[in-house]
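J.:
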Amino acid sequence: MDEKEITCIVCPIGCKILVRRNGTLCELVEGNKCKRGAEYARSEALDPRRMLTSSISVIGGKWPLVSVKTTKPIPKDNIFTVLDVIQKAKVKAPVQCGQILLKNVADTGVDVIATKTVGST
Amino acid sequence: MINHDVDIAIIGGGPAGLAAAYSARNQGAKNVIVVDRNDWLGGILPQCIHDGFGVEETGHSMTGPEYAEMYIDRVNKMGISCMTGTMVLEFTKNYNIIAINKQGLHKISTKAIILAMGCREKTRWHVMIPGDRPSGIFTAGVAQAFINLYNIMPGKNVVVLGSGDVGLIMARRLKFEGAHVLGVVEILPFASGLPRNVVQCLDDYDIPLYLNYTITCIKGRNRLESVTIAQVDDTLHIIEGTEQEIPCDTLLLSLGLIPENELSKTVGIELDERTGGPIVDQHFETTIRGVFACGNCLQVYDTVDVLSLGAKHAGQHAASYALNQFDQVRHSIPVKTLNGIRYIVPQRISRSGVIQFTFRVERPSQSAVFHLKANGKDIFQKKLPWVNPANMVEMKVKLSDSLLKSVDHLEASLDG
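One line per chain: the protein sequences are A and B, in this order.
One gets my numbering by counting positions in the first sequence from 1 and adding 935 to each.
One gets my numbering by counting positions in the second sequence from 1 and adding 11 to each.
#1: Which residues in the same chain as Asn1013 of chain A place their Cβ atom closer than 7 Å to its Cβ, once the five residues preceding and following it in sequence are excluded?
#2: From Ser1055 of chain A to Asn402 of chain B, what distance separates their C-alpha atoms?
#3: Report yes if the C-beta distance between Gly198 of chain B and Thr227 of chain B is below 7 Å; otherwise report no.
#4: How would you list, in chain order, the residues of chain B whose beta-carbon sits under 9 Å from the beta-carbon of Thr1050 of chain A?
#5: Ile247 of chain B by DSSP, collapsed to three states: which one?
#6: Using a Cβ-Cβ cut-off of 7 Å, state whether Leu1000 of chain A counts as contacting chain B.
#7: Could you spell out the range, first to last residue, of the alpha helix (DSSP H) harbouring Asn37 of chain B?
#8: Applying a beta-carbon distance threshold of less than 7 Å, which residues of chain A neighbour Gln114 of chain B?
#9: Can you find the residues in the same chain that come closer than 8 Å, C-beta to C-beta, to Ala11 of chain B, ignoring five residues on each side of it along the sequence?
#10: Please name the residue, chosen from B:Ile352, B:Tyr33, B:Gln377, that lies closest to Phe368 of chain B on a Cα-to-Cα basis.
#11: Taking any Cβ of chain A, which residues in the stretch 160-191 of chain B have a Cβ under 7 Å from it, in chain order?
#12: In the DSSP assignment, find the beta strand (DSSP E) that holds Ala202 of chain B and state where it starts and stops.
#13: By a C-beta neighbour count over all protein chains shown, 10 Å radius and 16 as the cutoff for buried, is Arg971 of chain A buried or exposed?
#14: Could you check the C-alpha separation between Gly24 of chain B and Gly53 of chain B for me, to the nearest Å?
#15: Quick test of your reading: Asn967 of chain A and Ile991 of chain A, contact by CB under 8 Å. State the CB separation rounded to the nearest angstrom.
#16: Mind pulling the beta strand (DSSP E) runs of 3 or more residues that sit fully within the stretch 208-259 of chain B?
#17: Could you please give the first and the last residue of the uninterrupted alpha helix (DSSP H) stretch that includes Leu309 of chain B?
#18: In its own chain, which residues sit with a C-beta less than 7 Å from the C-beta of Thr942 of chain A, not counting the 5 before and 5 after it?
#19: Would His328 of chain B be called buried (16 or more neighbouring beta carbons within 10 Å of its own) or exposed?
#20: Whole angstroms are fine: how far does the CA of Lys1007 of chain A sit from the CA of Leu987 of chain A?
#21: Between Gln211 of chain B and chain A, is there a C-beta pair that is closer than 7 Å?
#22: In three-state terms, what does DSSP make of Pro357 of chain B?
#23: Near Ser343 of chain B, which residues of its chain fall below 8 Å by C-beta distance, leaving aside the five closest residues on each side in sequence?
#24: Give me the Cα-Cα distance between Leu410 of chain B and Val278 of chain B, rounded to the nearest whole angstrom.
#25: Could you round the C-beta distance between Tyr33 of chain B and Tyr106 of chain B to whole angstroms and report it? I think they count as a contact, below 8 Å.
#26: Taking only three categories from DSSP, how would you classify Lys409 of chain B?
#27: Would you verify that the beta carbon of Cys1032 of chain A is, or is not, closer than 7 Å to some beta carbon of chain B?
#28: I'd like to know if Thr942 of chain A contacts chain B, where contact means its C-beta is closer than 7 Å to some C-beta of that chain.
#29: Alpha carbon to alpha carbon, how far is Asp47 of chain B from Ile111 of chain B?
#30: Is Tyr221 of chain B closer than 7 Å to Gly194 of chain B when the C-beta atoms are compared?
#31: When DSSP labels each residue in this structure, what does Leu274 of chain B get in the three-state scheme?
#32: So with Cβ pairs under 7 Å, would you call Lys1004 of chain A a contact of chain B?
#33: Is Leu953 of chain A close to chain B? Criterion is C-beta to C-beta, closer than 7 Å.
#34: Taking CB distances under 7 Å as the criterion, tell me whether Thr959 of chain A reaches chain B.
#35: What do you get for Val365 of chain B, buried or exposed, if any count of 16 or more other CB atoms within 10 angstroms of its CB means buried?
#36: If you draw a straight line from the alpha carbon of Lys232 of chain B to that of Ile148 of chain B, how long is it in whole angstroms?
This is the structure:
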């Protein structure tokens, strides 16, 4: 059993939440101001995930890049594998905000979508 | 000269300008115009590709470009005219704005003006770092634009000076793009960015944060070759013998932001030297009637959500002013700051009602009490469980007409 202080990142307050971990079980100790903080601390202790944002090259667009994000948080350990796929990808303009650009990226079960509209030249 | 006749003119088409325009139009102002010197709307947001925007406002987390598009869509649907690629040269106290773009010179006659010019980044010269002047030294925001908008990598081996949010986010972004981020150097004993950014941008990638450190020397003939960092004591003086030279080719500066008020100064709007922005009352009206200020040119906000909320109030009150629904100010009393409070906005109270204050504290504290006093007596107090200069505090306080008539100023302070 070990105790861990987790800085909550759900909102800008950044509560310090103390959790006690015992293998796959996690007990919330104190410090969270809201329910979402409790959920975050639990998942951070057992299965840390992050939203990933980056950009993909655009061919024939008004901008050389389109900003992208994963549709859901991905496991922290997969970040650089997914980034590798994103860095190699290229899309043709026009791109609509919300458009799926990479389906099931690096077998994470998560898609990568555009977060910006880029018109063609 | 191309003439425009409008109800409200907004200088700046970033998040503050767009939110103010949206709200002014909702409040009944018919002709609203937004002027921006960039070729796009949204200001800095399109380059802020990370997420975390809009959480407080919409309940879900968006990236900067998504948040910008949300407001751009609203503004377009409402028929608000937006002049991009247009630089405001000057405006006068009788509400005439002179602006220039590729079509020529424009004169905008308006009934009210909203200032939403945003802010600028501090540079090497604000902190006077000695040494050579090689290439490879960028402000964090400029590096962000290079990478996220123009697909240009600023360098390979990077040191970041200053732990502001943009610096932290750029440390992670550079790491994502394959650069070696050698560390973030912060002169204060705590990070100046949000805690979540310290966790998600540095801790996650084992990027060292050097607290109580600063850069004492920059070396490089053409390109940057190294920076020397050294520890500082409680009085921020360099401790001799702690210097270490870090070879690097790129230095990013994240030293904080300064409200952009060159235009405000030209018409004599009074500025608060602590915020760097105009002195305003609770309706965001500056010391010139009918001229309102919002967003980062008023005060540097932590989050776009709180910024937009303020800008919407500014837009609403500017619309009331333009439509002659604004009751005349009888008197206006200043809010002074005492120990523990770095600054407070609004700096003046001109009418009774519920006042939405925003302020920053001087130093971190686990148990602080906020006091608002009139004639030396508490009229409001509130316990704050956890305060940090990096987190702006918001507080609603109801002030009655009889109270405002009986005092000549209010005092805000923090115990603990």
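Note that beta-carbon positions come from the ideal geometry of N, C-alpha and C, so glycine has one too.
T.: According to the structure shown:
#1: Translated into positions along the first sequence, residue 1013 of chain A becomes position 78. Excluding sequence neighbours, Asn1013 of chain A sits near Ala1041, Thr1043.
#2: By 1-based counting over the first sequence, the position of residue 1055 of chain A is 120. By 1-based counting over the second sequence, the position of residue 402 of chain B is 391. Cα to Cα, the separation comes out at about 41 Å.
#3: For the purposes of this step, residue 198 of chain B is taken as the residue at position 187 of the second sequence. For the purposes of this step, residue 227 of chain B is taken as the residue at position 216 of the second sequence. Before going further, note that residue 198 of chain B is Ile rather than Gly in the sequence given. No, they are not a contact pair.
#4: Taking the first residue of the first sequence as position 1, residue 1050 of chain A is located at position 115. Going along chain B in sequence order, the residues near Thr1050 of chain A (Cβ under 9 Å) are Ile60, Asp62, Met73, Thr74, Gly75, Pro76, Glu77, Glu80.
#5: Taking the first residue of the second sequence as 1, we reach residue 247 of chain B at position 236. Per the sequence shown, residue 247 of chain B should be read as Leu rather than Ile. Coil.
#6: Translated into positions along the first sequence, residue 1000 of chain A becomes position 65. Output row for Leu1000 of chain A: interface = yes.
#7: Taking the second sequence and counting its residues from 1, one reaches residue 37 of chain B at position 26. From DSSP, the alpha helix (DSSP H) with Asn37 of chain B extends over 26-37.
#8: Position 103 of the second sequence, counted from the first residue, corresponds to residue 114 of chain B. Near Gln114 of chain B there are no residues of chain A at all, since even the closest Cβ is about 21 Å away, more than 7 Å.
#9: Shown here, chain B extends from 12 to 427; a query on residue 11 of chain B therefore has no answer.
#10: Counting from one through the second sequence, the residue named residue 368 of chain B turns up at place 357. The shortest Cα separation from Phe368 of chain B among B:Ile352, B:Tyr33, B:Gln377 belongs to B:Ile352.
#11: Leu160, Tyr161, Asn162, Phe187
#12: Along the second sequence, read from residue 1 onward, the residue named residue 202 of chain B stands at position 191. Per DSSP, Ala202 of chain B belongs to no beta strand (DSSP E) and is neither H nor E.
#13: Start at 1 with the first residue of the first sequence, and residue 971 of chain A comes out as number 36. Its Cβ having fewer than 16 others within 10 Å, Arg971 of chain A is exposed.
#14: The residue given as residue 24 of chain B occupies position 13 in the second sequence. The residue given as residue 53 of chain B occupies position 42 in the second sequence. Roughly 6 Å between the two C-alpha positions.
#15: Position 32 of the first sequence holds residue 967 of chain A. Position 56 of the first sequence holds residue 991 of chain A. Not quite, the Cβ-Cβ distance comes to about 36 Å (not below 8 Å), so this is no contact.
#16: 220-222, 224-230, 237-242, 255-258
#17: The residue you call residue 309 of chain B lines up with position 298 of the second sequence. Run containing Leu309 of chain B: none; DSSP gives neither H nor E here.
#18: The residue you call residue 942 of chain A lines up with position 7 of the first sequence. The answer, listed in chain order, is Gly949, Lys951.
#19: Mapped onto the second sequence, residue 328 of chain B falls at position 317. Classification for His328 of chain B: buried.
#20: Locating residue 987 of chain A in the first sequence gives position 52, where the first residue counts as 1. Locating residue 1007 of chain A in the first sequence gives position 72, where the first residue counts as 1. In a straight line, the C-alpha of Leu987 of chain A is about 8 Å away from that of Lys1007 of chain A.
#21: Your numbering for residue 211 of chain B matches position 200 in the second sequence. For Gln211 of chain B, the answer is yes, since a Cβ of chain A falls inside 7 Å of its Cβ.
#22: Here residue 357 of chain B corresponds to residue number 346 of the second sequence, with the count starting at 1. Of the three classes helix, strand and coil, the one that applies to Pro357 of chain B here is coil, per DSSP.
#23: The count along the second sequence starts at 1 and reaches residue 343 of chain B at position 332. Result list for Ser343 of chain B: Asp292, Arg359, Ile360, Ser361, in chain order.
#24: Working through the second sequence from its first residue, we reach residue 410 of chain B at position 399. Working through the second sequence from its first residue, we reach residue 278 of chain B at position 267. Cα-Cα distance, rounded: 31 Å.
#25: Numbered from 1 along the second sequence, position 22 holds the residue referred to as residue 33 of chain B. Numbered from 1 along the second sequence, position 95 holds the residue referred to as residue 106 of chain B. Not confirmed; about 21 Å, so no contact.
#26: Reading the second sequence from its first residue, position 398 is the one you call residue 409 of chain B. Strand.
#27: Reading the first sequence from its first residue, position 97 is the one you call residue 1032 of chain A. So yes, Cys1032 of chain A belongs to the interface.
#28: For this step, residue 942 of chain A is matched to residue 7 along the first sequence. It does: the Cβ of Thr942 of chain A has a partner Cβ on chain B nearer than 7 Å.
#29: For the purposes of this step, residue 47 of chain B is taken as residue 36 along the second sequence, with counting starting at 1. For the purposes of this step, residue 111 of chain B is taken as residue 100 along the second sequence, with counting starting at 1. Rounded to the nearest angstrom, the two C-alpha atoms are 11 Å apart.
#30: Residue mapping note: residue 194 of chain B aligns to position 183 of the second sequence, counting from 1. Residue mapping note: residue 221 of chain B aligns to position 210 of the second sequence, counting from 1. Contact: yes.
#31: As a working mapping, residue 274 of chain B is identified with position 263 in the second sequence. DSSP places Leu274 of chain B in helix when its eight states are reduced to three.
#32: Counting from one through the first sequence, the residue named residue 1004 of chain A turns up at place 69. At least one chain B Cβ lies under 7 Å of Lys1004 of chain A.
#33: Translated into positions along the first sequence, residue 953 of chain A becomes position 18. No, Leu953 of chain A does not count as interfacial toward chain B.
#34: Here the question's residue 959 of chain A lines up with position 24 in the first sequence. No, no contact with chain B.
#35: Sequence index remark: in the second sequence, residue 365 of chain B carries index 354 (1-based). By the 10 Å Cβ count, Val365 of chain B comes out exposed.
#36: Within the second sequence, numbered from 1, the residue matching residue 232 of chain B stands at position 221. Within the second sequence, numbered from 1, the residue matching residue 148 of chain B stands at position 137. Contrary to the premise, residue 232 of chain B reads as Arg rather than Lys in this sequence. Answer to the nearest angstrom: the Cα atoms are 13 Å apart.
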